[in-house]
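Worksheet for the structure shown next.
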Amino acid sequence: ESYRAAPWCCLVPDCPTSCRTSALMDEQDGDGAGSAGRTSPVQFYASSRCPYAQRAWIGLEEKGVEYQWVEVDLYRKSSNDSGEKSHGRWLLPLEEIRKRYPEFVACSPRGQLPALDNGGERVYDSSVLLEYVHEVFSGPPLLPTAPYSRAQVRLWSKHVDQHVVPNYDRLLAAHDPETRALAREDLLQALS
Numbered sequence: 006e007s008y009r010a011a012p013w014c015c016l017v018p019d020c021p022t023s024c025r026t027s028a029l030m031d032e033q034d035g036d037g038a039g040s041a042g043r044t045s046p047v048q049f050y051a052s053s054r055c056p057y058a059q060r061a062w063i064g065l066e067e068k069g070v071e072y073q074w075v076e077v078d079l080y081r082k083s084s085n086d087s088g089e090k091s092h093g094r095w096l097l098p099l100e101e102i103r104k105r106y107p108e109f110v111a112c113s114p115r116g117q118l119p120a121l122d123n124g125g126e127r128v129y130d131s132s133v134l135l136e137y138v139h140e141v142f143s144g145p146p147l148l149p150t151a152p153y154s155r156a157q158v159r160l161w162s163k164h165v166d167q168h169v170v171p172n173y174d175r176l177l178a179a180h181d182p183e184t185r186a187l188a189r190e191d192l193l194q195a196l197s
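With this note's numbering applied, the sequence shown corresponds to residues 6 to 197, in that order.
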């Protein structure tokens, strides 16, 4: 049995909107990942914190694809010598990711999010994944039909990848006010 992950607004208690997938909330375990044991021919490997995964998620939702969200945490939290958690998060080595998520690494050999397994057709990289979803699944188009308009979409996507997301990540990871202020300034510049 397959399902669609609920959009963020459906994860809010007493959501005032009537989202098209709100009926699924009773069947899900609250994190958008669905109940244990559910399967779908389409597996979407993602992290709710990853902006690239969020982009692909929007595409899947727009197309109305039935899929199973598989949450993948690529980071380990650091702890200091006394065992208390500290502020840092470090990317797990690929071998550790492979041990934790073998199906994901089979889909994305470098362990990069997001990834999609459509009945054995494995695709990764959010831009490539979105073009695959656009071409393979029925539903509203994700790209315009005119070549120039498609080129404009790709240019904006590239701008977001190169200038917005890195600054957004720096802002989220900043622990001191000075670093946070610089990251915020760079992010605002990238958005203007």
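All C-beta atoms in this analysis are idealised placements derived from N, C-alpha and C, irrespective of residue type, glycine included.
As the structure is a prediction and not an experimental result, all values here were calculated from the model.
Residue i: beta carbon under 7 Å from a heavy atom of the ligand MN?
i           : result
residue 157 : In the structure on display, the ligand MN does not appear, and there are no ligands present to speak of.
Based on Cα-Cα distance, which residue from the options lies nearest to residue i?
i           : options               : result
residue 80  : 97, 181, 57 and 178   : 97
residue 163 : 133, 105, 107 and 116 : 133
residue 111 : 127, 101, 123 and 196 : 127
residue 106 : 95, 78, 146 and 129   : 78
residue 66  : 108, 138 and 75       : 138
residue 168 : 159, 151 and 194      : 194
residue 196 : 183, 125 and 173      : 173
residue 131 : 190, 176, 159 and 152 : 159
residue 145 : 69, 124, 116 and 192  : 69
residue 166 : 113, 192, 95 and 99   : 192
residue 76  : 153, 51, 122 and 179  : 51
Can you give me the Cβ contacts of residue i inside the same chain, cut-off strictly under 8 Å, excluding the 5 residues immediately before and after it?
i           : result
residue 55  : 118 and 119
residue 186 : none
residue 135 : 60, 61, 64 and 147
Taking the DSSP output, what are the residues bridged to residue i?
i           : result
residue 127 : 122
residue 51  : 76
Would you mind giving the Cβ-Cβ distance between residue i and residue j, rounded to the nearest angstrom? I have them listed as a contact below 8 Å.
i           : j           : result
residue 74  : residue 109 : About 12 Å; that fails the 8 Å criterion.
residue 198 : residue 189 : Residue 198 is absent from the structure shown; the chain starts at 6 and stops at 197.
Near residue i, which residues of its chain fall below 7 Å by C-beta distance, leaving aside the five closest residues on each side in sequence?
i           : result
residue 155 : 148 and 149
Spatial neighbours of residue i within its chain, please: C-beta separation below 6 Å, excluding the five flanking residues on both sides.
i          : result
residue 99 : 116
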